[in-house]
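Asks: Numbering (this note's numbering), first residue to last: -15 to 209. By construction, the Cβ of each residue, glycine as well, lies at the ideal position given by its N, Cα and C atoms. On a predicted model such as this, the values are computed, not experimentally measured, just so you know.
So, in C-alpha cells, the structure goes:
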C-alpha cells in the first residue's frame, strides 16, 4: 500500500536523526489511551503511555526520509538493514539472554538540524513500515510538538488500512507556519528543549508511543543539509 498522509489539524516542526535512548519509565496508564485524550494533553508527557508490548500488530518502521518539497532536496534518509540469515542464526547477547535489554530502545530519537531548517515551509516525511500477521485498521499517528511547555503544533495523520504481512509506504506532508523571530531564536539557543510525543493508534487504541527532542543549532562543525 502506498498513500499520502493528510494532516487533519495543521503542522509544524519535525526531524533529522542522531539515535539516542531515553532512560524514562517504560509505561504508564491503567485505562485505555484514546486519541481524544492525547489531543487534550497540555504539555509533553514525562513517561510513555504504553509499553512496547502494546504493539501487538508488530508494526516495524524500516525507512525514513525527509525532503524539502519546494526544492526536492533530500534532507535526511535512513533505512533499517534487512535481516539476514546470519542475523537469524546469531547467538543472543548476554543482556538479551538475561532480559536486561532496555525496553525503550528504539522509542526515543534525538534530532539535530541547522537553523536553516526552521525556515522551511513544506517538508515531506516518507516512512516505510512492515506489519505482522494481524490486519491493521484505522492506523493513525498523532504527533505533538512543544518548545518547553508551549505547544508548537499538533499533526494528525491517517495511514489507513494495512493488510497482514504487508510492506507499506506513506508520505506525510508538513506545512510549517511562520514562527515568531523571538521564538525561533529561543529554539536555536536552547537545543533539545523542543520535544515531541508521537502516538500511534489502531482502531483508536494506543499501540505505540515514541518520543524525540530537537536541536536547531547545528552547523558549527558540519551542515546536515
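1. With contact counted as at least three CB pairs below 8 Å, one residue from each stretch, are the region 122 to 134 and the region 57 to 65 in contact?
2. Roughly how many whole angstroms lie between the Cα atoms of residue 137 and residue 159?
3. Consult DSSP for residue 7 and reduce its assignment to one of helix, strand or coil.
4. Out of curiosity, what's the CA-to-CA distance linking residue 163 and residue 89?
5. Please identify the residue among 141, 116 and 110 whose C-alpha is closest to the C-alpha of residue 23.
6. Tell me which residue opens and which closes the beta strand (DSSP E) that residue 35 is part of.
7. Figure out for me which residue from 109, 32 and 28 has the closest Cα to the Cα of residue 61.
8. What are the boundary residues of the beta strand (DSSP E) that includes residue 58?
9. Is residue 181 near residue 28, with beta carbons less than 7 Å apart?
10. For residue 222, which residues from the same chain have a beta carbon less than 6 Å from its beta carbon, with the 5 sequence-adjacent residues on both sides left out?
11. Helix, strand or coil: how does DSSP classify residue 200 here?
12. Please report the straight-line C-alpha distance between residue 149 and residue 166, rounded to a whole angstrom.
13. Between which two residues does the beta strand (DSSP E) containing residue 157 stretch?
14. If you check the beta carbons only, do residue 210 and residue 197 fall under 7 Å apart?
15. Rounded to the nearest angstrom, what separates residue 48 and residue 201 at their Cα positions?
16. Check whether the Cβ atoms of residue 63 and residue 191 lie closer than 7 Å to each other.
17. Let me know the secondary structure DSSP gives residue 101 once reduced to three states.
18. Would you grab the beta carbon distance between residue 131 and residue 171 for me? Rounded to a whole angstrom, and I think it's under 8 Å.
19. What's the C-alpha gap between residue 155 and residue 173?
Replies: The structure says:
1. no
2. 11 Å
3. Confidence at residue 7 is low in this model, with a pLDDT of 40, below 50, so the placement of that residue is unreliable and no value is reported for it.
4. 33 Å
5. 141
6. Unbroken run through residue 35: none, as it is neither H nor E.
7. 109
8. 58 to 63
9. yes
10. Any question about residue 222 goes unanswered here, given that the chain covers just -15 to 209.
11. coil
12. 48 Å
13. 151 to 159
14. This structure does not reach residue 210, given that the chain is present from -15 up to 209, and the question cannot be answered.
15. 22 Å
16. no
17. helix
18. 6 Å
19. 31 Å
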